[in-house]
Amino acid sequence: MNGSTEKKSFPVSQILDGSVTDFDLFLSVKGEAILYAAPGYVWTRDETTRLMAHGWNEFQVNSAQAALVRMYLQLARLPLIDREQAPAKRINSIQDLAAAFTECLYSGEVTEAAVCHGERISRAIVECILESPSSIKEISNLMEHDQYTFYHSARVAVFATAMSFTMGVTDEKHLQRIAMGGLFHDVGKKDVPLTVINKAGALDQAEWQLMRAHPSRGHDTLGAAGLSLETMEIVLHHHERMNGSGYPDGLQQSGIMTEVQIAAVADIYDALTSSRSYQKRRTRYEALDFMKHKLLGADIAPVAFRGLVAALT
Ligand SMILES: [Fe+2]
Ligand SMILES: [Fe+2]
16 MNGSTEKKSF PVSQILDGSV TDFDLFLSVK GEAILYAAPG YVWTRDETTR LMAHGWNEFQ
76 VNSAQAALVR MYLQLARLPL IDREQAPAKR INSIQDLAAA FTECLYSGEV TEAAVCHGER
136 ISRAIVECIL ESPSSIKEIS NLMEHDQYTF YHSARVAVFA TAMSFTMGVT DEKHLQRIAM
196 GGLFHDVGKK DVPLTVINKA GALDQAEWQL MRAHPSRGHD TLGAAGLSLE TMEIVLHHHE
256 RMNGSGYPDG LQQSGIMTEV QIAAVADIYD ALTSSRSYQK RRTRYEALDF MKHKLLGADI
316 APVAFRGLVA ALT
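This is the structure we're talking about:
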């Protein structure tokens, strides 16, 4: 991008501490646009405060990059997490934030700014679980089905993180990679109409094909984002089943990474305990009972199931 294309103004105050902008930001100096920050620039509050203290309240951005700018602003408007809040309360604020984040993802592009925001949320989840592993018991599942899609990713991230911690993963970075997997696991559904996702009746062949493609689509979408192996594996393989009946690759047993087995159990548990247009929600006990008697071994990994039980009790 050069400085001569059509520009729009962008308030410096909208730049979020610790965020990455993935578009060009110019300062207007004597009517000339001077490139200040190229894509990939990492911001601190100190820097934006200093700019504003010197009277630089506005950047200029290229109109051609409007979609990236819009996504960044949408993300910047999401609420911040109050670290002073007690973990039991905080986990629900994080859930609300993650749901709003997923809604942004579904309506926009998976930009570098979006990935960076996902990492902030994943960090908040891990901090909360490390501070109080039992806080996941406060996660509320009473969700209308039209909100399900957005809250679902948030809960899978929280459940999978808590399960992994209970199973002995204590490394924060490792837990964050798992939380990221939960947050992004269904991002391939962003092109599937909500009418199909929430459809009460059986899906027709074309709709089913669209649904089955979401792990690969999500994986493709995130391909260039530089995410970790664990995160990418969760996105691609969370519908694999222990007996090889899953998709997209029909992987079996130890061919499915442990982190993926955990995310798959978290995914199924959340689906069972949520109210959907086609299904009444099960209680925690009913869901665990169903998983134990109908899914254990053939579909889900015993070790991951034990992790879920331990995390919830
Ligand atoms: Fe999925
Ligand atoms: Fe899912």
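In the numbering used here, the protein residues as written are 16 to 328. Every residue gets a Cβ at the ideal spot worked out from N, C-alpha and C, and that includes glycine.
Under the rule that 16 or more other beta-carbon atoms within 10 Å means buried, what is residue i, buried or exposed?
| i | result |
| --- | --- |
| G206 | Note that residue 206 corresponds to Asp in the displayed sequence, not to Gly. That one is exposed. |
| Y293 | exposed |
| Y300 | exposed |
| K295 | exposed |
| V202 | buried |
| K309 | exposed |
| D39 | buried |
| K23 | exposed |
| Q1 | Residue coverage of the chain in this structure runs from 16 to 328, which leaves residue 1 outside it and unanswerable. |
| V44 | exposed |
| G261 | buried |
| R92 | exposed |
| R98 | exposed |
| V57 | exposed |
| G241 | exposed |
Report the option in the options whose CA atom is closest to the CA atom of residue i.
| i | options | result |
| --- | --- | --- |
| R321 | K309, V171 and V280 | V280 |
| G233 | A217, E222, A114 and V250 | V250 |
| T117 | N107, S168, V324 and R135 | S168 |
| D37 | K45, P54 and S28 | P54 |
If I follow the unbroken alpha helix (DSSP H) through residue i, where does it start and stop?
| i | result |
| --- | --- |
| S231 | H229 to L237 |
| P263 | P263 -> no alpha helix (DSSP H), and no H or E assigned at all. |
| H252 | L244 to H252 |
| Y293 | It is not in any alpha helix (DSSP H) - Y293 carries neither H nor E in the DSSP assignment. |
| E274 | T273 to L287 |
| G270 | Note, G270: premise wrong, no alpha helix (DSSP H); not H, not E. |
Could you tell me the boundaries of the beta strand (DSSP E) in which residue i lies?
| i | result |
| --- | --- |
| P148 | Premise fails: P148 is in no beta strand (DSSP E) and is neither H nor E. |
| S24 | K22 to P26 |
(message) Extract the residue ranges of the alpha helix (DSSP H) inside the region 173-227, only unbroken runs of 4 or more that lie entirely within it.
(response) If only uninterrupted alpha helix (DSSP H) runs of at least 4 residues are considered, those enclosed by the region 173-227 are 187-199, 209-212 and 220-227.
(request) May I have a chain-ordered list of the beta strand (DSSP E) segments no shorter than 3 residues that lie completely inside the region 36-121? (result) Listed in chain order, they are 40-44, 47-52 and 73-77.
(request) Starting from the N-terminal end, write out each residue whose C-beta falls within a distance shorter than 5 Å of any non-hydrogen atom of ligand 2. (result) Applying a distance threshold of 5 Å between residue Cβ atoms and the heavy atoms of ligand 2 selects D201 and D282, given in chain order.
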